[in-house]
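Chemist: Read left to right, the sequence shown gives residues 50 to 182 (my numbering).
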Amino acid sequence: MLQAFLVPEKTVVNARGDGAALDVGAAEGRVFLLTLAITGIIEQESLDVGIFGSADGAMWDAKPVTAFPQKFYREEAPLLLNLTSRPEVRFIRAHWEVNRWGRGADTPMFEFSVTLREVPQEILAEAAGRAPR
Numbered sequence: 050m051l052q053a054f055l056v057p058e059k060t061v062v063n064a065r066g067d068g069a070a071l072d073v074g075a076a077e078g079r080v081f082l083l084t085l086a087i088t089g090i091i092e093q094e095s096l097d098v099g100i101f102g103s104a105d106g107a108m109w110d111a112k113p114v115t116a117f118p119q120k121f122y123r124e125e126a127p128l129l130l131n132l133t134s135r136p137e138v139r140f141i142r143a144h145w146e147v148n149r150w151g152r153g154a155d156t157p158m159f160e161f162s163v164t165l166r167e168v169p170q171e172i173l174a175e176a177a178g179r180a181p182r
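Structure, rendered in C-alpha cells:
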C-alpha cells in the first residue's frame, strides 16, 4: 500500500515550484487519495496545486492529470486521483502557483503539504457494488 508526501509537511513557499517526482508504477491499484493540508497563510493570497504525470520522470505532461480547486484559507482538502485510464503515467509530482494582492508586502507565503495514499482495491470494489457481503 503506497503512502507518501508529494509535498513534505510544513513546506513553506513564496513562489511557484515543483515537488519531487514519485514513482507510482509499482502501485497495485491506480487510484489514490490526495490531501492538500494548508497550515499557514497570510491574507489576500491564493494557492493553486496541480498534479502532473510523466512516463519517465524527466518529461512531464503539459497539463495536470488533476488539480485541487484554488485555495485561499487554511484547510484540508481531499481529491481522488484515478490513473486507471493513464497506464503510461509512472511518475507524478505536485506543482504549485502562488499569488498575492492587496495591501502589505507583495510576496505570498503558504505553509502546506500534499499527501498521497493508495486506495485499497477492496474499498474500490465495495464502492462499485462488487464487494462480497
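From the three backbone atoms N, C-alpha and C, an ideal C-beta is built for every residue, glycine too.
Keep in mind it's a predicted model, so treat the numbers as computed, not measured.
1. So what does DSSP say about glutamate 175, is it helix, strand or coil?
2. Is it true that the CB of serine 95 sits closer than 8 Å to the CB of glutamine 119?
3. How many Å lie between glutamate 146 and asparagine 131 at the Cα?
4. For the stretch 81-161, which segments carrying the beta strand (DSSP E) assignment without a break, of at least 3 residues, lie completely within its bounds, in sequence order?
5. So, at 6 Å on beta carbons, what are the nonlocal neighbours of alanine 126 in its own chain, with the 5 sequence-adjacent residues on each side left out?
Modeler: Inspection of the coordinates gives the following:
1. What you label residue 175 is simply residue 126 of the sequence shown in a count that begins at 1. Three-state DSSP puts glutamate 175 in a helix.
2. Position 70 of the sequence shown, counting from 1, holds the residue named residue 119. Position 46 of the sequence shown, counting from 1, holds the residue named residue 95. Yes.
3. Your numbering for residue 146 matches position 97 in the sequence shown. Your numbering for residue 131 matches position 82 in the sequence shown. Each residue's alpha carbon lies about 23 Å from the other.
4. 94-103, 124-131 and 140-149
5. Counting from 1 along the sequence shown, the entry for residue 126 is found at position 77. Excluding positions up to five away in sequence, the list reads Leu85 and Phe117.
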